[in-house]
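S.K.: Protein chains in written order, with this note's numbering: chain A, 285 to 477; chain B, 1109 to 1298.
#1: Whose C-alpha, out of A:375, A:400, A:346, is nearest the C-alpha of residue 386 of chain A?
#2: Could you tell me whether the region 402-422 of chain A touches the region 442-453 of chain A, where touching means 3 or more Cβ pairs closer than 8 Å?
#3: My assumption, with CB atoms under 8 Å, is that residue 300 of chain A sits in contact with residue 294 of chain A. Please give the rounded CB distance.
#4: Quick one: is residue 343 of chain A near chain B, going by C-beta distance under 8 Å?
#5: Would residue 1155 of chain B pass as an interface residue toward chain A - the criterion being a Cβ-Cβ separation below 8 Å?
#6: How about residue 1247 of chain B: is its Cβ closer than 7 Å to a heavy atom in the ligand GTP?
#7: Which whole runs of the beta strand (DSSP E) in the region 296-353 of chain A are 3 residues long or more, in chain order?
#8: Return helix, strand or coil for residue 1231 of chain B, following the three-state DSSP convention.
#9: Closest Cβ-Cβ distance between residue 1168 of chain B and chain A: below 8 Å?
#10: Can you give the beta carbon distance from residue 341 of chain A to residue 1235 of chain B, rounded, assuming they're within the 8 Å contact cut?
#11: Pick from A:360, A:362, A:411, A:352: whose alpha carbon is nearest that of residue 377 of chain A?
#12: Work out the CA separation of residue 1126 of chain B and residue 374 of chain A for me, nearest whole Å.
#13: Can a CB atom of chain B be found closer than 8 Å to the CB of residue 404 of chain A?
#14: Taking just the CA atoms, how far does residue 1122 of chain B sit from residue 1237 of chain B?
#15: Would you call residue 1116 of chain B buried or exposed, if buried means 16 or more other Cβ atoms sit within 10 Å of its Cβ?
#16: At the level of alpha carbons, what is the spacing between residue 1253 of chain B and residue 316 of chain A?
#17: Counting only beta-carbon atoms, is residue 1296 of chain B nearer than 8 Å to chain A?
#18: Distance, Cα to Cα, residue 1267 of chain B vs residue 1178 of chain B?
#19: Over the uninterrupted alpha helix (DSSP H) stretch that includes residue 286 of chain A, give me the two end residues.
#20: Comparing C-alpha positions only, which one of B:1154, B:1182, B:1199 sits nearest to residue 353 of chain A?
#21: I'd like to know if residue 1060 of chain B contacts chain A, where contact means its C-beta is closer than 8 Å to some C-beta of that chain.
#22: Which residues in the same chain have their Cβ closer than 8 Å to the Cβ of residue 1218 of chain B, if we skip the five residues on either side of it in sequence?
#23: Starting from residue 1279 of chain B and walking both ways along the alpha helix (DSSP H), at which residues does that stretch end?
#24: Nearest CA to the CA of residue 1168 of chain B: which residue from B:1128, B:1142, B:1273, B:1194?
#25: If you draw a straight line from the C-alpha of residue 381 of chain A to the C-alpha of residue 362 of chain A, how long is it?
#26: For residue 293 of chain A, which residues in chain B fall below 7 Å Cβ to Cβ?
#27: Quick one: what's got a C-beta closer than 7 Å to residue 1187 of chain B's C-beta in the same chain, skipping five residues either side?
#28: Measure the C-alpha to C-alpha separation of residue 1184 of chain B and residue 1164 of chain B and round it to an integer number of angstroms.
#29: Out of curiosity, what's the CA-to-CA distance linking residue 338 of chain A and residue 1257 of chain B?
#30: Taking all protein chains shown into account, do 16 or more other C-beta atoms lie within 10 angstroms of the C-beta of residue 364 of chain A, making it buried, or fewer, making it exposed?
#31: Where do the ends of the alpha helix (DSSP H) carrying residue 1137 of chain B lie?
#32: Classify residue 1191 of chain B: buried if its beta carbon has 16 or more other beta carbons within 10 angstroms, exposed otherwise.
#33: Nearest to residue 1113 of chain B by CA position, among B:1279, B:1180, B:1145, is which residue?
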């Protein structure tokens, strides 16, 4: 036995059914109620008619609209940022691939299938050594420059000490800076343009 | 299988600009229809739809893919349409009907003089009656009717977009459609 419902609730079911928003259980319930009250069939048709009327009142989009949008689409600021990091990454990746290929072909001749693996290992070893060498040279160069600077005059030594202190103070300030709160516009889950 | 909106956005952001066409084609009908009902002018609806797509494209890197693209698009569209209506109202304020205080006012004569898809007189009359019935709804129902029946958003999407509980959305849509059913009863007879 179905629980009795008022006309308003029944009309809601008819409306939702016409909108395709009823689940299978609710559809079955509505069918049973309609079977018990055949007079409601006309009401159901009126609800369905309203949804058809609304659907048929939609207009057609101008032909070629999407093409026109794409043709006039302005460049977005984020596209430049993408291009900015894509190019160097692509360049480095390309160079690395070329180096591995060159080393690999030579090693394959010597060691067979294992050659490619060895070539990759060689490549990373070479890159590591080059990086370490560069860092070492940079530090050595900086050390020599400082040594020369300090040796020239005692004033330079004090200036250097003051500079070091200032840099440390700046780091301390940055570390103590409070975190920014999330933007209010995102509270609803969207960042507004 | 069709890629999801969010997958298309990811492709565009990865450098495939042409994938934005898929998004435009997917949403152009819904967006133009929604804006047409907001602005009541077919040319303006197309122009503003184009602007909305430009805005969306420009801000695509700020789209949060944990949420739905459709609700973001229609939020931008609704804000743009309301801005456009306000600007129009400033231009024609001396000619407008008294403001009913329900959001977008009623500054234009109905039915629209734009060409419509209806070719015969009966269809033109019916189209005008539908537009008038929608325009006479209180704004709180009208905006949901437009989002549902012209923007073709789901009940869930409307609830997210309007920050309303799902039950409230269903209730308001029912009440709005009930009013439309009464106003359009002449067109609903067997």
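For glycine and all other residues, C-beta sits at the position ideal for the given N, C-alpha and C.
M.R.: Quick look at the numbers:
#1: Residue 386 of chain A sits at position 102 when you count from the first residue of the first chain. Comparing Cα positions, the closest option is A:400.
#2: no
#3: Translated into the one-based positions of the first chain, residue 300 of chain A becomes position 16. Translated into the one-based positions of the first chain, residue 294 of chain A becomes position 10. Going by Cβ atoms, the distance from residue 300 of chain A to residue 294 of chain A rounds to 11 Å, so no, they are not a contact pair.
#4: Translated into positions along the first chain, residue 343 of chain A becomes position 59. Closer than 8 Å: yes.
#5: Position 47 of the second chain holds residue 1155 of chain B. Answer no: the Cβ-Cβ gap between residue 1155 of chain B and chain A never drops below 8 Å.
#6: Although the ligand GTP was asked about, the structure shown includes no ligands whatsoever.
#7: With a minimum length of 3 residues, no continuous beta strand (DSSP E) run stays inside the region 296-353 of chain A.
#8: If you number the second chain from 1, residue 1231 of chain B lands on position 123. If DSSP states are grouped into helix, strand and coil, residue 1231 of chain B belongs with the helices.
#9: Position 60 of the second chain holds residue 1168 of chain B. It does: the Cβ of residue 1168 of chain B has a partner Cβ on chain A nearer than 8 Å.
#10: Indexing the first chain from 1 puts residue 341 of chain A at position 57. Indexing the second chain from 1 puts residue 1235 of chain B at position 127. For a cut-off of 8 Å, the C-beta gap from residue 341 of chain A to residue 1235 of chain B is around 6 Å, short enough to register as a contact.
#11: Your numbering for residue 377 of chain A matches position 93 in the first chain. The residue with the shortest Cα to Cα distance from residue 377 of chain A is A:411.
#12: Along the first chain, one-based indexing puts residue 374 of chain A at 90. Along the second chain, one-based indexing puts residue 1126 of chain B at 18. If you take the alpha carbons of residue 374 of chain A and residue 1126 of chain B, they lie about 21 Å apart.
#13: Taking the first chain and counting its residues from 1, the one referred to as residue 404 of chain A is at position 120. Not one chain B Cβ lies under 8 Å of residue 404 of chain A.
#14: In the second chain, residue 1237 of chain B corresponds to position 129, counting from 1. In the second chain, residue 1122 of chain B corresponds to position 14, counting from 1. Between residue 1237 of chain B and residue 1122 of chain B, the C-alpha separation is close to 47 Å.
#15: Within the second chain, numbered from 1, the residue matching residue 1116 of chain B stands at position 8. Classification of residue 1116 of chain B: buried, given that the 10 Å Cβ count is 16 or more.
#16: By one-based count along the second chain, residue 1253 of chain B stands at place 145. By one-based count along the first chain, residue 316 of chain A stands at place 32. Each residue's alpha carbon lies about 29 Å from the other.
#17: For the purposes of this step, residue 1296 of chain B is taken as the residue at position 188 of the second chain. Chain A, which has a Cβ nearer than 8 Å to the Cβ of residue 1296 of chain B, makes this yes.
#18: Position 159 of the second chain, counted from the first residue, corresponds to residue 1267 of chain B. Position 70 of the second chain, counted from the first residue, corresponds to residue 1178 of chain B. Roughly 12 Å between the two C-alpha positions.
#19: The count along the first chain starts at 1 and reaches residue 286 of chain A at position 2. Neither: residue 286 of chain A is in no alpha helix (DSSP H) and is coded neither H nor E.
#20: Within the first chain, numbered from 1, the residue matching residue 353 of chain A stands at position 69. Nearest to residue 353 of chain A by alpha-carbon distance, out of B:1154, B:1182, B:1199, is B:1154.
#21: Nothing about residue 1060 of chain B can be reported from this structure: the residues present for chain B run from 1109 to 1298 only.
#22: In the second chain, counting from the first residue as 1, residue 1218 of chain B sits at position 110. Residue confidence for residue 1218 of chain B is low, a pLDDT of 41 falling below 50, so the modelled location carries little weight and cannot support an answer.
#23: Position 171 of the second chain, counted from the start, is the residue given in the question as residue 1279 of chain B. Note, residue 1279 of chain B: alpha helix (DSSP H), 1274-1291.
#24: Residue mapping note: residue 1168 of chain B aligns to position 60 of the second chain, counting from 1. Nearest C-alpha to residue 1168 of chain B: B:1128.
#25: What you label residue 381 of chain A is simply residue 97 of the first chain in a count that begins at 1. What you label residue 362 of chain A is simply residue 78 of the first chain in a count that begins at 1. Cα to Cα, the separation comes out at about 28 Å.
#26: Working through the first chain from its first residue, we reach residue 293 of chain A at position 9. What residue 293 of chain A touches in chain B: nothing, since even the nearest Cβ is about 10 Å away.
#27: What you label residue 1187 of chain B is simply residue 79 of the second chain in a count that begins at 1. Counting only Cβ-Cβ distances below 7 Å, and skipping sequence neighbours, we find nothing.
#28: Here residue 1184 of chain B corresponds to residue number 76 of the second chain, with the count starting at 1. Here residue 1164 of chain B corresponds to residue number 56 of the second chain, with the count starting at 1. Distance between the alpha carbons of residue 1184 of chain B and residue 1164 of chain B is about 8 Å.
#29: Counted from its first residue, the first chain places residue 338 of chain A at position 54. Counted from its first residue, the second chain places residue 1257 of chain B at position 149. C-alpha separation (whole angstroms): 7 Å.
#30: The count along the first chain starts at 1 and reaches residue 364 of chain A at position 80. With fewer than 16 Cβ atoms within 10 Å of its Cβ, residue 364 of chain A is classed as exposed.
#31: As a first step, residue 1137 of chain B is located in the second chain; it is residue number 29 there, counting from the start. Element bounds for residue 1137 of chain B: 1128-1147.
#32: Reading the second chain from its first residue, position 83 is the one you call residue 1191 of chain B. Classification for residue 1191 of chain B: exposed.
#33: Sequence index remark: in the second chain, residue 1113 of chain B carries index 5 (1-based). Measuring from the Cα of residue 1113 of chain B, the nearest candidate turns out to be B:1180.
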